[in-house]
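Participant: After the structure tokens below, expect a handful of questions from me.
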Amino acid sequence: MNNLQKEPIQFVQRKLQKNYRSITGHFPSVKNNKSIPFESKLESELFLTLEFDDEVELYLEQPQITITVDGKEKPYHADCFIKMHDGPNRRNTIVEAKYTSDLNKEKNKEYYEKKFKAATIAANNMDMDFLVYTELFHSETYIFNLDFLYRYKTQPRENKFDSKIKYILSKAPTKAIDVAKNISTNLNEYMLVSNAIWGLVANGELSTDLEKELNMNSIIRDEKWQ
2 MNNLQKEPIQ FVQRKLQKNY RSITGHFPSV KNNKSIPFES KLESELFLTL
52 EFDDEVELYL EQPQITITVD GKEKPYHADC FIKMHDGPNR RNTIVEAKYT
102 SDLNKEKNKE YYEKKFKAAT IAANNMDMDF LVYTELFHSE TYIFNLDFLY
152 RYKTQPRENK FDSKIKYILS KAPTKAIDVA KNISTNLNEY MLVSNAIWGL
202 VANGELSTDL EKELNMNSII RDEKWQ
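Numbering-wise (my numbering), the sequence shown opens with residue 2 and increments by one.
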């Protein structure tokens, strides 16, 4: 059920609440072709991971659904609605982004338990999933690497070396530095080749281990070796 028009969700325009405890701003979304407001670093990181998820078609902030708590209906404002590409076992998802420190506070446990149980039921009734996203979903290294790669999604780059890079990597997985040096030892061209390598990784045409901090000694692979 991937048609937004068929789902009883409203999207409320978010007014960012600035305070000393949270990081607010706008995330430049490539998938949505617009900036998405966020109210915490965790929300921004969630959006970043969605940009690299090939199963995700788009995502929208501040979805509002109706939940039932203690027999009373009330509006519930979550943090993100994820629309998935059509495919088996894929359901659109309502997401709440929360730090575990907030979830684990004794005074919050019963409140969140009731709220999230109600949201899970409401989402399931709409043939959707409900997810509580925390900072434990991904490692700091993974998020750091996605943040590094995302600039290559948002900024134009030189692509004249792409075919040479792919040809070298079709033979065997190779360190990024060795690929770049194989193509050119000229400093200016070396930088262009390096940018091209990371651009191809960012766009999913090449891969590497994103659980290890990226640098020019990272092993790069093409689809043949994935």
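Ideal placement from N, C-alpha and C gives every residue a C-beta, glycine not left out.
What are the complete beta strand (DSSP E) segments, minimum 3 residues, inside the region 134-199?
Facilitator: none
Participant: Could you check if I122 is buried or exposed, using at least 16 other CB atoms within 10 Å of its CB as the buried criterion?
Facilitator: exposed
Participant: If you draw a straight line from the alpha carbon of D163 to that of A197, how long is it in whole angstroms?
Facilitator: 7 Å
Participant: Are L49 and Y60 touching if we call contact CB-CB under 7 Å?
Facilitator: Taking 7 Å as the Cβ cut-off, L49 and Y60 do not qualify as a contacting pair.
Participant: Identify which residue in S45, N146 and V31 has its Cα closest to the Cα of I24.
Facilitator: S45
Participant: What is the rounded straight-line gap between the Cα of M2 and the Cα of N90?
Facilitator: Low confidence applies here, because M2 scores a pLDDT of 43, under 50, leaving its location unreliable; read the following figure in that light. Using only the alpha carbons, I get a separation of about 11 Å.
Participant: For V57, does the three-state DSSP call read helix, strand or coil?
Facilitator: strand
Participant: Based on Cα-Cα distance, which residue from L215, N189 and H86 lies nearest to D54?
Facilitator: H86
Participant: Just to confirm before moving on: does the CB-CB distance between K99 and V57 stay below 7 Å?
Facilitator: Not a contact, by the Cβ cut-off of 7 Å.
Participant: Going by C-alpha distance, which of Y113, K106, M127 and K75 is nearest I95?
Facilitator: M127
Participant: Tell me which residue opens and which closes the alpha helix (DSSP H) that K108 is part of.
Facilitator: E107 to N126
Participant: Taking Cβ to Cβ, would you say Y143 is nearer than 7 Å to L47?
Facilitator: No. Outside cutoff.
Participant: Using DSSP's beta-bridge definition, name the partner residues of I220.
Facilitator: K176
Participant: Quick one: measure Cβ to Cβ for L147 and L170, integer angstroms, because I've assumed they're closer than 8 Å.
Facilitator: The Cβ separation is near 21 Å, so there is no contact.
Participant: Between S140, S41, L193 and F12, which lies nearest to K161 when the distance is taken from Cα to Cα?
Facilitator: L193
Participant: Whose CA, out of S140, T67 and K73, lies closest to the CA of A79?
Facilitator: T67
Participant: Any idea what DSSP makes of T94, helix, strand or coil?
Facilitator: strand
Participant: Cutting at 8 Å between CB atoms, please list the residues of its own chain near L104, excluding the five before and the five after it.
Facilitator: K110, Y113, V133 and T135
Participant: Please name the residue in K182, E141, N187 and S195 whose C-alpha comes closest to that of A159.
Facilitator: In the sequence as presented, Ala is not what sits at residue 159; that position holds Glu. Of the candidates K182, E141, N187 and S195, the one whose C-alpha sits nearest the C-alpha of E159 is S195.
Participant: Once the 5 residues before and after L43 are set aside, which same chain residues still bring their CB inside 8 Å of it?
Facilitator: A98, K99, Y100, Y134, T135 and E136
Participant: Would you report the Cα separation of E62 and Y77, rounded to the nearest angstrom?
Facilitator: 13 Å
Participant: Please work out which residues of its chain come closer than 6 Å, Cβ to Cβ, to N33, disregarding the five sequence neighbours upstream and downstream, and give them in chain order.
Facilitator: The residues are L59.
Participant: Keeping to the same chain, check which residues put their C-beta closer than 7 Å to that of V70; ignore five residues upstream and five downstream.
Facilitator: For V70, where only same-chain residues beyond five positions count, the Cβ hits under 7 Å are K115, K116 and A119.
Participant: Which class does E62 belong to by DSSP, given the choice of helix, strand or coil?
Facilitator: strand
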